[in-house]
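Numbering (the numbering used here), first residue to last: 124 to 279.
From the three backbone atoms N, C-alpha and C, an ideal C-beta is built for every residue, glycine too.
For reference, the structure discussed in these notes is given below.
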Ligand SMILES: CC(C)(COP(=O)(O)OP(=O)(O)OC[C@H]1O[C@@H](n2cnc3c(N)ncnc32)[C@H](O)[C@@H]1OP(=O)(O)O)[C@@H](O)C(=O)NCCC(=O)NCCS
């Protein structure tokens with residue numbers, strides 16, 4: 124079934140918080156305060172993927188064109204490997220590019236094999252290893268991608 128993507132609404136907050144807690148280990152997942160802070164930023168965009176009337180995933184980004192940061196991408200376990208993460212990322216990258224973003228970066232735990240494979244699949248490359256980035260002991264990768272420039276569409 125094709126997912127429905129829509130902007131975040133404040134009534135989604137509890138579901139997004141629970142999903143983030145389920146997606147990441149304690150200490151890497153966001154506290155309510157931190158998640159609420161990111162969601163409240165004027166420079167942030169959050170897109171939610173609905174599947175069968177349930178929130179199946181979300182992506183949260185922050186931008187300062189030409190730079191943007193993917194804060195998190197969370198897909199509920201039972202909806203993984205169905206293209207939902209890809210759909211959210213594509214829509215997010217499209218929106219960012221339209222607003223003048225060219226460089227997108229994110230951090231992911233070096234031992235997050237699914238995450239690293241997903242980002243590489245979408246053209247993100249490892250730019251640096253951030254030693255002891257999480258919990259003072261887990262390494263992270265900083266991964267980056269350059270979005271294609273938005274060309275001017277030729278008109279007849
Ligand atoms: C990483 C994550 C977002 C991927 O979401 P998803 O909806 O399952 O991804 P997609 O179905 O769009 O996968 C696209 C491609 O990414 C790669 N990929 C995704 N999950 C993978 C896995 N577990 N192992 C290997 N490759 C994987 C594959 O190339 C896949 O294409 P394929 O299914 O045709 O082989 C999801 O596993 C998740 O939410 N994990 C927990 C949170 C997290 O780690 N987020 C990312 C770090 S911020």
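Per-residue DSSP class, three states only, for residue i
i           : result
residue 224 : coil
residue 159 : helix
residue 211 : helix
residue 238 : helix
residue 233 : coil
residue 139 : helix
residue 145 : helix
residue 245 : coil
residue 203 : coil
residue 165 : coil
Bridge partners - residue i, DSSP secondary structure assignment
i           : result
residue 192 : 185 and 228
residue 257 : 261
residue 197 : 181
residue 269 : 226
residue 129 : 171
residue 251 : 265
Residue burial classification, residue i (beta-carbon count within 10 angstroms, cutoff 16)
i           : result
residue 215 : buried
residue 184 : buried
residue 168 : buried
residue 142 : buried
residue 238 : buried
Cα-Cα separation between residue i and residue j, rounded to whole angstroms
i           : j           : result
residue 231 : residue 156 : 21 Å
residue 194 : residue 188 : 15 Å
residue 175 : residue 196 : 19 Å
residue 129 : residue 152 : 23 Å
residue 224 : residue 133 : 25 Å
residue 247 : residue 213 : 13 Å
residue 181 : residue 254 : 27 Å
residue 207 : residue 245 : 13 Å
residue 204 : residue 257 : 26 Å
residue 149 : residue 222 : 34 Å
residue 201 : residue 269 : 31 Å
Integer Cβ distance of residue i from residue j, believed to fall under 8 Å
i           : j           : result
residue 126 : residue 191 : That pair is no contact at about 22 Å.
residue 252 : residue 272 : Not confirmed; about 29 Å, so no contact.
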